[in-house]
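Asker:
Residue numbers (full-length UniProt numbering): 1 to 746.
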């Protein structure tokens, strides 16, 4: 990391004891902590609105009236120097209507004036003028001062802020005792430096991603070639102490310069400082959202540093810092992708990132426990406002938020009973984990419930939770759609779900009898088969019990619209909708668990056609788009085979064309699989798993061109056939007006 350069020129401290042997691997924070909006909001409450934050240095302030505006995780505040020589800090919020007092980044002003309604404040934050408010009943100027932020000036001249609205925030010394009196700082006289310039970079990553990067140099050999040439990386180490991390390194022997010594420190949560005889720089990694941040740098130059020395070390750091930016950008993309969870960290080389992550984890968990006890979100930076009407309005809004979240508080015994019921009843093929210990299941449910209450996951059916069962879990036979696991894309069989067990059903609606289900399969063949869905053949539907629940519910939702069975008693449309929701719930659960099968996509096609018939085109487009995406991911439009036509291959072909025809007849023309658009066959574009063909080779000719009717042609041949048909149909329609009405095939 850049901290290596920062202290690589020859100052060494005593190391702490060797790391202890670990029984379990040390794992980093999960990727979800780096992409969750709810986690980011918790960090704003638990860290940035109550911890001391290193902000700037007093050298930037030269005369009374100098001010600087700062942003920190959505909080805006201003620091200024008043006429008495005091540094003051205020939230950048007018007390009248919350308009920002300051819009410039820096400057010099005699008074803080709001450009909205003209309220003005002194440099000490006290209200000086509120136009036309002098005679307003109940208005008191002394109660309308700017909201203050706490200021601390350390022994080195650095200015810290704390946004906690409490008059007595956590003492600075409690977190940072000794950070400004490090032995290695004694060789630097900070009064001999002067402010030079600022610069910044924007990063597309979570602020913690950069903190992890900065606090280790395990990556320096590979990612920072300039550092590796200069530094003795075998010497590099860190020492983690309360509130900060000290970095130590030294140059290689042939690069040693006696007059260059450096010291680098990371200050929790998001700042670092590096000092050398020629300059020092301060970096703040400012969160701007859950996935973005702004790296803001202040550069100070020693008064006796030559232009050559200053420019060399300044440009060197900027180059390395820019390299770190690109490393973090690339890592964050994979943290956001939903594949990676976390990795094992080195107990020595990455001890500082572990220390940082443990600090974050501890603060967030502690604050969250406090919120659970108080049964509300706790914002330490939030200011108080007097008045009974205000309190009533706040309470009214809180009640609305509570109702929106459907906040149901369950006692532990109730959750245990719920775990027992779900363990006994919920058995979905290869999707739900079978929990032998109710306490384990309880822990899992508590986590899910907490996520729902925080709106981390949708909970559309919290009022009537649905649970489906069609037999014990071990009767299911599941094959994943994932092409990373299978050599042949979509090389799977339709799963068999065992026998239906009406007695085990705990759904909030009535499941039809087996006779009614058989009737629905017959109605499907009569009204929906090949119109346009060709998902099954008649022999396939002879045994409804052989199909997974999402397929069964999908057929029920689609086919029973054509039924006049008295079983439905006027509730046919309502029950068809419930069956469609049940099928979708099971499909989404399979997707969430990574257990997508052929039957999953078949069910989506059934649901989509049912949506079309019910005139719900938006939901139909959603479902057919999802089916198309899953098919693309599984390589459904690629068919490597050895020339032998199998039942599974035929099933995939039927599904392929069902999706295509749904798109052609009903869907928007922008989500299709890779189809030919005319009879001219382009070069075949293979994928790496398609080992049977080479990239750039034209697809095989159709049987009517080769004369070989025994050799199956595969999906690409059928693409040519269908594309030819569509071409003829389009030609026919376009020429009807001119009198050429010869239909295709004549």
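For every residue, glycine included, the Cβ atom is placed at its ideal position computed from N, Cα and C. Since this is a predicted model, take the numbers as computed values, not measurements.
Which residues mark the beginning and the end of the beta strand (DSSP E) in which residue 88 is found?
Answerer: Within the chain shown, numbered from 1, the residue matching residue 88 stands at position 88. Note, residue 88: beta strand (DSSP E), 87-91.
Asker: By how many angstroms is the C-alpha of residue 593 removed from the C-alpha of residue 179?
Answerer: By 1-based counting over the chain shown, the position of residue 179 is 179. By 1-based counting over the chain shown, the position of residue 593 is 593. Straight-line Cα distance between these residues: approximately 47 Å.
Asker: Give me, in chain order, the residues of the same chain whose beta-carbon lies closer than 8 Å to that of residue 743; leave out the 5 immediate sequence neighbours on both sides.
Answerer: Walking along the chain shown from the start, residue 743 turns up at place 743. Closer than 8 Å at Cβ, skipping near neighbours: 732.
Asker: Any idea which residues DSSP pairs residue 231 with across the strands?
Answerer: Counting from one through the chain shown, the residue named residue 231 turns up at place 231. According to DSSP, residue 231 bridges with 251.
Asker: Buried or exposed, going by whether 16 or more other CB atoms sit within 10 Å of the CB of residue 375?
Answerer: Numbered from 1 along the chain shown, position 375 holds the residue referred to as residue 375. Residue 375 should be labelled exposed.
Asker: Between residue 538 and the rest of its own chain, which residues show a CB-CB distance below 7 Å, the 5 nearest in sequence each way excluded?
Answerer: In the chain shown, counting from the first residue as 1, residue 538 sits at position 538. Taken in chain order, the residues that qualify are 525.
Asker: With a threshold of 16 other CB atoms inside 10 Å of the CB of residue 251, please say whether the residue is buried or exposed.
Answerer: The residue you call residue 251 lines up with position 251 of the chain shown. Counting Cβ neighbours within 10 Å, residue 251 comes out buried, since at least 16 surround it.
Asker: Using CA atoms only, rank isn't needed, just tell me which of 208, 312 and 372 is closest to residue 361.
Answerer: As a working mapping, residue 361 is identified with position 361 in the chain shown. Minimum Cα distance to residue 361 is reached at 208.
Asker: When you compare only the Cα positions, how much space is there between residue 49 and residue 553?
Answerer: The count along the chain shown starts at 1 and reaches residue 49 at position 49. The count along the chain shown starts at 1 and reaches residue 553 at position 553. Looking at the two C-alpha atoms, the distance is approximately 50 Å.
Asker: Name the one or two DSSP bridge partners that residue 194 has.
Answerer: Taking the first residue of the chain shown as position 1, residue 194 is located at position 194. Paired residues: 301.
Asker: Which residue spans inside the UniProt domain "Rieske" (54-150) form an unbroken beta strand (DSSP E) run of at least 3?
Answerer: Segments of the beta strand (DSSP E) lying fully in the UniProt domain "Rieske" (54-150): 66-72, 75-81, 87-91, 106-108 and 127-129.
Asker: Can you give me the Cβ contacts of residue 336 inside the same chain, cut-off strictly under 6 Å, excluding the 5 residues immediately before and after it?
Answerer: Along the chain shown, read from residue 1 onward, the residue named residue 336 stands at position 336. The residues are 35.
Asker: Could you tell me which residues DSSP puts in a beta bridge with residue 237?
Answerer: Position 237 of the chain shown holds residue 237. According to DSSP, which records beta bridges pairwise, residue 237 is partnered with 248.
Asker: Express the C-alpha separation of residue 92 and residue 379 in angstroms, rounding to a whole number.
Answerer: In the chain shown, the residue the question calls residue 379 occupies position 379. In the chain shown, the residue the question calls residue 92 occupies position 92. Answer to the nearest angstrom: the Cα atoms are 17 Å apart.
Asker: For residue 293, count neighbouring Cβ atoms within 10 angstroms of its own Cβ and tell me buried if that reaches 16, exposed if not.
Answerer: The residue given as residue 293 occupies position 293 in the chain shown. So residue 293 ends up on the buried side.
Asker: Just checking, does the stretch 203-219 make contact with the stretch 307-319 on the three C-beta pairs under 8 Å criterion?
Answerer: Too few Cβ pairs lie closer than 8 Å, so no.
Asker: Tell me which residues share the same chain as residue 535 and place their Cβ nearer than 7 Å to its Cβ, disregarding the 5 neighbours each side in the sequence.
Answerer: Reading the chain shown from its first residue, position 535 is the one you call residue 535. 602, 605, 654, 655 and 658, listed in sequence order.
Asker: Three Cβ pairs or more, each shorter than 8 Å: is that satisfied between the stretch 57-64 and the stretch 180-199?
Answerer: Output reads yes: the stretch 180-199 touches the stretch 57-64.
Asker: Hey, out of 648, 381 and 635, whose CA is closest to residue 167's CA?
Answerer: Within the chain shown, residue 167 is the residue found at index 167, counting from 1. Minimum Cα distance to residue 167 is reached at 381.
Asker: Who are residue 296's beta bridge partners in DSSP?
Answerer: Within the chain shown, residue 296 is the residue found at index 296, counting from 1. According to DSSP, residue 296 bridges with 200 and 284.
Asker: Which partner residues of residue 160 appear in the DSSP bridge assignment?
Answerer: On the chain shown, position 160 is the one that residue 160 refers to. According to DSSP, residue 160 bridges with 54 and 152.
Asker: At a cut-off of 8 Å, would you count residue 150 as near the ligand ZN, judging by its Cβ distance to the nearest heavy atom?
Answerer: For the ligand ZN, the structure offers nothing, since it holds no ligand at all.
Asker: Could you check what DSSP says for residue 583 in three-state terms: helix, strand or coil?
Answerer: Working through the chain shown from its first residue, we reach residue 583 at position 583. Looking at residue 583 - three-state DSSP - the assignment turns out to be helix.
Asker: With H, G and I counted as helix, E and B as strand and the rest as coil, what does DSSP make of residue 728?
Answerer: Your numbering for residue 728 matches position 728 in the chain shown. DSSP places residue 728 in helix when its eight states are reduced to three.
Asker: Three-state secondary structure (DSSP) at residue 528?
Answerer: Taking the chain shown and counting its residues from 1, the one referred to as residue 528 is at position 528. Coil at residue 528, not helix or strand.
Asker: With three or more beta-carbon pairs closer than 8 Å as the criterion, would you say the stretch 220-227 touches the stretch 328-348?
Answerer: No, the stretch 220-227 is not in contact with the stretch 328-348.
Asker: Which of helix, strand or coil does DSSP assign to residue 344?
Answerer: Counting from 1 along the chain shown, the entry for residue 344 is found at position 344. Residue state, collapsed to three classes: strand.
Asker: What first and last residue would you give for the alpha helix (DSSP H) that runs through residue 40?
Answerer: Position 40 of the chain shown holds residue 40. 37-43 is the extent of the alpha helix (DSSP H) around residue 40.
Asker: Between the C-alpha atoms of residue 283 and residue 272, what's the straight-line distance to the nearest angstrom?
Answerer: Translated into positions along the chain shown, residue 283 becomes position 283. Translated into positions along the chain shown, residue 272 becomes position 272. Approximately 5 Å, taken between the alpha carbons.
Asker: Report yes or no: do three or more beta-carbon pairs, one from the stretch 180-188 and one from the stretch 145-158, lie closer than 8 Å?
Answerer: Counting Cβ pairs under 8 Å, three or more are found: they touch.
Asker: Closer than 7 Å by C-beta to residue 626: which residues in its own chain qualify, once you throw out the five before and the five after it? Chain order, please.
Answerer: Position 626 of the chain shown, counting from 1, holds the residue named residue 626. Closer than 7 Å at the Cβ level, and outside the excluded window around residue 626, lie 604.
Asker: Grouping DSSP H, G and I as helix and E and B as strand, with all else coil, what is residue 547?
Answerer: In the chain shown, residue 547 corresponds to position 547, counting from 1. Correct three-state label for residue 547: coil.
Asker: Pick helix, strand or coil for residue 179, following the three-state DSSP scheme.
Answerer: Residue 179 sits at position 179 when you count from the first residue of the chain shown. Note: residue 179 maps to coil in three-state DSSP.
Asker: Using the three-state DSSP reduction, which class does residue 628 fall into: helix, strand or coil?
Answerer: In the chain shown, counting from the first residue as 1, residue 628 sits at position 628. Note: residue 628 maps to helix in three-state DSSP.
Asker: Indicate whether the contact test is met: 3 or more Cβ pairs, each with one atom in the stretch 65-82 and one in the stretch 118-131, closer than 8 Å.
Answerer: These segments touch.
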